[in-house]
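Numbering (the numbering used here), first residue to last: 1372 to 2000. Shown next, in structure tokens, is the structure this report addresses.
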Amino acid sequence: MFGFLTQFTMASTSWSLQRSPDAAVIAELQNADVAEASTALRSFLLQNYQPGQALSLGSSGRLEFQAWLDLARWVELLATPDLEAAEPFFRRFVFQDAADPQRLVLRPVGVSITNELAPASAEKVRELLQDPNSVSRLKSDFLLPDFEFKDGSLLDYLGRDLAWQLAADPAFLKTFWSFVSNADFLPAVFENLARLHKHNAASFDGYRGLSLALAVVFDQKTPPNWPHHQVPDSKVPFADSTVEERLDYWVGVNESTRLANDLRTLGPDYLRFIVDTLVTKDELEWARRNVRHPVSDFGRAFSEIKYSRERLAAGEFTWPHSEDYQLAAIRQHGGICVDQAYFAMLAGKAHGLPTLYFVGQGADGGHAWFGYMRGANRWDMDVGRYENQNYAVGHALDPQSWEQISDQELNFLAARFRSTPEFAAGQADLVVSEWFQDAGEWESAKLAAASSISATKVNPEAWEAMTTILIAMKAPAKEVDQHLETATKEFSGQRELLAKFSTQRADYARAQGDAGAADSIEQTLISRTSGDRADLALETVKKRLDALVAENDLRNAMREYQSQAARLGRSAGGNFFYDVTRPFTLALISKGETRDAVRAIEIARRYLRPDRGSILDQELAELEGLTKR
């Protein structure tokens, strides 16, 4: 099954996994056709790969193998045509209408999808990328205005000299592959890297992590409602800065000012939460001069802004003042939670602190707070998050993708296991598994995925890979179900992952025609998350209600709604209103069932028990108004 070839010769230089690739290997690759070099490297590694077992990490556990793998992936990327490299990025935004699969819908950045939409297939996205009109539309919606496709490979975006200079830097390659993802628009990432290096090679080399963070954060359009939807764009002091100007700014600040962190010591995974400042440098400089708190107590920046109860009482949730939305004006006038969180978030970034702006739903509706990194790999994500409001989860924008990420996901991404040799080995196994899948060698792909799970059972990517392989191989239904059941047990303490694998298991059971098993799995999921993470149960609840409404079984729909409101309403708070009550009530109104719609609102008030005058109370009153039209 697996070859035992220990050396491979492409030209005159011998390749061996007994040592990491050296300058002679780089020179040989540089002088070869990049596509042929990529094919040769992949073949070499697959022939020499051995999966790990219970007490052994296998080939992927060796640093030399990992170095060869990083290089092979880099060369493969250089050879990839730009439109092919763009496909995973665009696939995030293209959806098909379940009722009419020929109808495609483009999802704006940061916008949730409905149950009527499903992700478009890879084949469908490839079709779009072959149509110049579709490519023009995708560029307009998701890419920066000055980007143009080169109709070439990614090597053309980076340039030959820089491409091979970086190929010879194993530390850069390791950082690159631990950071980039399918959320990145790689043609623009490579173009940004080339621009930064051409602009100032010394800064690029001295600040590799910063350069990579800037290249990735500013590879695509930013969301239209940054920093939040409660301030008009015309009031925000946006900066029209190039990626080169941003590098100059941060290098200059780091070398002339004592920041909370030396930007040369942080990896791009942390730096992305500093450089994602879309405002003018005057705002950042004001913050450094006027907002001064020790790192250990930087949370005081949140409470530094006086809360305006007058605005809350008047329902003035949007910035009401004539001045622009500047930090000085926020301090002068005070504000509500969104202003407090924004002020603290931006001030932290100005001081070199990775920060995030969180929003969440509590017992009385929406709220905003902020989080920051207060030490090496230590985050405080609860500054301004009031415990008595029972915020199950907070969501922030990940500037790498400009998509929502939860505080619990961030905690999981910062977990210590990700810095272990076992995790590195497991990640290498997954790359090899994908390569075997590409070659149609499914048994080998399955062994490599099993090797990854063996190396680090706490990595969900390994379990997801195995699920994909088992379904593609048409494995017996019992084997697939047992795998997903084991995954739910492995991640029982990680509620979001528990919900993910439980939902996959229920969906698979339903696809196999076992609706009873699917219902049982979903009910178990609702029960297990109804306490600390009731928000996770709501997607399943909404799906069940949508099905009953579609069947016009309104009697059972109302029973299900009341039962879940009693079980989840108070703990889920605003999430229950926005995810269940409002869409269910609107569906009833659209069917002319006004009496049931009124009753649904009454049930929500009974179990959610919002305080009078709170955001949630006002939202319920607005919904009640719709029943009287």
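Just so it is clear, CB atoms sit at the ideal spot from N, CA and C, and this is done for glycine as well. Owing to the predicted nature of the structure, the values given are computational and were not obtained by experimental measurement.
| query | result |
| --- | --- |
| With respect to the alpha helix (DSSP H) encompassing Y1620, which residues constitute its N-terminal and C-terminal limits? | 1614 to 1627 |
| Quick check on Y1757: does DSSP put it in helix, strand or coil? | coil |
| Suppose you measure from the CA of F1669 to the CA of K1545; what does that come to, to the nearest Å? | 32 angstroms |
| Is the separation between the beta-carbon of E1850 and that of L1841 shorter than 8 angstroms? | yes |
| So, does the segment 1412 to 1425 touch the segment 1791 to 1810, judging by three or more C-beta pairs under 8 angstroms? | yes |
| Counting Cβ pairs closer than 8 angstroms, one from the segment 1740 to 1753 and one from the segment 1696 to 1716, do we hit at least three? | yes |
| Rounding to the nearest angstrom, what Cα-Cα distance links F1575 and A1539 in this structure? | 16 angstroms |
| H1722: buried (16+ other C-beta within 10 angstroms of its C-beta) or exposed? | buried |
| What does a CB cutoff of less than 6 angstroms around D1778 pick up in its chain, not counting 5 residues either side in sequence? | M1752, G1765 |
| Give the single residue among P1452, I1484, N1946 whose Cα lies nearest to the Cα of R1497. | P1452 |
| Straight-line CA distance for V1560 to E1931? | 48 angstroms |
| From D1988 to L1440, what does the alpha carbon distance come to, in whole angstroms? | 56 angstroms |
| Could you tell me which of W1621, S1679, R1926, G1731 sits nearest to L1599, measuring between CA atoms? | Note that residue 1599 is His in the sequence shown here, rather than Leu. The option with the nearest alpha carbon to H1599 is G1731. |
| Quick test of your reading: S1823 and G1864, contact by CB under 8 angstroms. State the CB separation rounded to the nearest angstrom. | At roughly 20 angstroms, the Cβ-Cβ gap does not stay under 8 angstroms, so S1823 and G1864 are not in contact. |
| Note down the Cα distance separating F1460 from T1791, rounded to an integer number of angstroms. | 29 angstroms |
| CB-CB under 6 angstroms to Q1703, same chain, minus the five flanking residues each way: which ones, in chain order? | none |
| Helix, strand or coil for S1383 per DSSP? | Its pLDDT being 40, under 50, S1383 is placed unreliably by the model, and nothing is read from it. |
| Could you please give the first and the last residue of the uninterrupted beta strand (DSSP E) stretch that includes G1577? | Element bounds for G1577: not the beta strand (DSSP E) but the alpha helix (DSSP H), 1572 to 1577. |
| So, are the CB atoms of A1848 and M1837 less than 8 angstroms apart? | no |
| Just the C-alpha distance for E1973 and R1749, rounded to the nearest angstrom, thanks. | 44 angstroms |
| Looking at the unbroken alpha helix (DSSP H) that takes in H1704, where does it start and where does it end? | 1698 to 1704 |
| Leaving out five residues before and five after A1888 in sequence, what residues of the same chain have Cβ atoms less than 7 angstroms from its Cβ? | A1880 |
| How should R1904 be labelled, buried or exposed, when 16 other C-beta atoms within 10 angstroms of its C-beta is the threshold for buried? | buried |
| Determine whether the beta carbon atoms of H1664 and E1615 lie at a separation below 8 angstroms. | no |
| Please return the same chain residues whose Cβ sits closer than 7 angstroms to the Cβ of L1994, not counting the five positions on each side in sequence. | R1953, T1956, I1972 |
| So, at 6 angstroms on beta carbons, what are the nonlocal neighbours of G1432 in its own chain, with the 5 sequence-adjacent residues on each side left out? | A1796 |
| Around the C-beta of R1983, are 16 or more other C-beta atoms found within 10 angstroms, so that it is buried, or is it exposed? | exposed |
| Per the DSSP calculation, V1650 is bridged to which residue(s)? | F1609 |
| DSSP has E1774 in a bridge; who is on the other side? | D1769 |
| Starting from V1951, follow the alpha helix (DSSP H) in both directions and report where the run begins and ends. | Note, V1951: premise wrong, no alpha helix (DSSP H); not H, not E. |
| Tell whether a beta-carbon distance below 8 angstroms holds between L1649 and F1609. | yes |
| Select from L1477, E1774, G1481, K1495 the residue whose C-alpha is nearest the C-alpha of L1488. | L1477 |
| First and last residue of the beta strand (DSSP E) that includes Q1865? | No beta strand (DSSP E) contains Q1865, which DSSP labels as neither H nor E. |
| According to DSSP, is V1730 helix, strand or coil? | strand |
| In or out: A1672 buried (at least 16 other Cβ within 10 Å) or exposed? | buried |
| Cutting at 8 angstroms between CB atoms, please list the residues of its own chain near D1512, excluding the five before and the five after it. | F1464, L1477, P1479, K1592 |
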